[in-house]
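Asker:
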Amino acid sequence: MGRSFMTRNILLVMKFAPEYVANVLNENFEDAKALLLSPLMAIHYAHLVMLTEQGIISKQDARALRAALDGISLDSVRKVLYDGTYEDLFFYIESLIKQSCDEDVAGRLHTARSRNDIDMTMYRIRQREFIAALASALLDLRGNLLVLAGRHTGTVYGAHTHTQPAQPSTIAHYLLAVIEQLERDTTRLAAAYGSTNYNPLGACAITGTGFPIDRHRTSELLGFSGPT
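Numbering-wise, the sequence shown is residues -7 to 220 according to the numbering used here.
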């Protein structure tokens, strides 16, 4: 019970083989820094706001936690090299929070949530960004193809079927067929975004929580359509 946070993590990592630390934990840490750091911080802020509004933590503790979060430099975190003194990015960020405020206060930020729902929420935040970026690129492609088709409404094109010349058409007609296929993909991406954009935060590990949390509030703060 008297061991420090850092000592506990060192002992935890010492259980693993060096190859596991180098090839798994280190790689996971680098991937998390690149992909999940911003979502993780957004989750911390949103959860803190909700806990405070619900009266689950005091305003004094909330101010200390907000100051601790504000003091974390994302650029500095991205430059940190994995050294085995923490299991992953979540515990590294937690160690920074504990350096800035009392350990008991830092622990209150984790009230009514677990690593399970935090992880799923991070993944969904990042996944919806990927879907939105792909949809945006797809719309740009469709727009460019429409412009190109407009230039070739009179350009004759010999359409083929089963490698054999079939019917005369135009380049515009052919391109519009491609555009229609891309339109279907746009519809599919919109559906994928819709199913992704629900918030797991607050579901906790198995059966939820007895704390009076407001999952609709964290969903609103994180840009989700609602809770899962």
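Quick reminder that beta carbons are idealized off the backbone N, C-alpha and C, glycines included.
Which of helix, strand or coil does DSSP assign to HIS36?
Answerer: Three-state result, HIS36: helix.
Asker: Expressed to the nearest angstrom, what Euclidean distance is found between the alpha-carbon atoms of ILE198 and THR153?
Answerer: Cα-Cα distance, rounded: 56 Å.
Asker: Within the continuous beta strand (DSSP E) that includes SER161, where are the two ends?
Answerer: Segment 156 to 162, the beta strand (DSSP E) holding SER161.
Asker: Can you check which of these residues, VAL148, GLU95, ASN108, GLU175, is closest to LEU193 by C-alpha distance?
Answerer: Per the Cα distances, ASN108.
Asker: Under a three-way DSSP split, which group does VAL72 fall into?
Answerer: Coil.
Asker: Just mark TYR12 as buried or exposed, buried being the case when its beta carbon has 16 or more other beta carbons within 10 Å.
Answerer: Exposed, by the Cβ-count rule.
Asker: How about LEU131 and THR178: do their beta carbons lie closer than 8 Å?
Answerer: In contact: LEU131 and THR178 (Cβ atoms closer than 8 Å).
Asker: If you count every other CB in all the chains shown that lies within 10 Å of the CB of ASP53, and 16 or more means buried, which is it?
Answerer: By the neighbour-count rule (16 or more Cβ atoms within 10 Å), ASP53 is buried.
Asker: Which residue from GLU45, GLN156, THR147 puts its Cα closest to that of HIS165?
Answerer: When only C-alpha atoms are compared, the closest one is THR147.
Asker: Are the CB atoms of ASP111 and PHE21 within a distance shorter than 8 Å?
Answerer: No, these two residues do not count as a Cβ contact at 8 Å.
Asker: For ILE35, which option in MET114, LEU17, GLY218, ARG176 has the closest C-alpha, if you only look at C-alpha atoms?
Answerer: Comparing Cα positions, the closest option is MET114.
Asker: Straight-line CA distance for LEU61 to SER187?
Answerer: When rounded, the distance between both Cα atoms is 30 Å.
Asker: Given this structure, state the Cα-to-Cα distance separating PHE82 from GLY150, to the nearest angstrom.
Answerer: The alpha-carbon atoms of PHE82 and GLY150 are separated by roughly 59 Å.
Asker: Taking the alpha carbon of GLN91 as the point to measure from, which residue in LEU66, GLY76, ALA56 has its own alpha carbon closest?
Answerer: The residue with the shortest Cα to Cα distance from GLN91 is ALA56.
Asker: Give the list of continuous beta strand (DSSP E) stretches no shorter than 3 residues that lie fully inside the region 47 to 91.
Answerer: The qualifying runs do not exist here; there are none.
Asker: What is the C-beta distance between THR201 and ALA98, in whole angstroms, given that I count them as a contact (C-beta under 8 Å)?
Answerer: Contact flag wrong, Cβ pair sits at about 19 Å.
Asker: Less than 8 Å separating the beta-carbons of LEU242 and ILE117?
Answerer: Missing from the structure shown is residue 242; the chain here goes from -7 to 220 and no further.
Asker: Given ALA195, which residues of its chain have a CB within under 7 Å of its CB, disregarding the five upstream and five downstream residues?
Answerer: If we look at ALA195 and ignore the five residues flanking it on each side, its Cβ neighbours are ASP109, THR220.
Asker: As an exercise, report each continuous beta strand (DSSP E) stretch of at least 3 residues that is fully enclosed by the region 84 to 153, in chain order.
Answerer: 148 to 153, all fully within the region 84 to 153.
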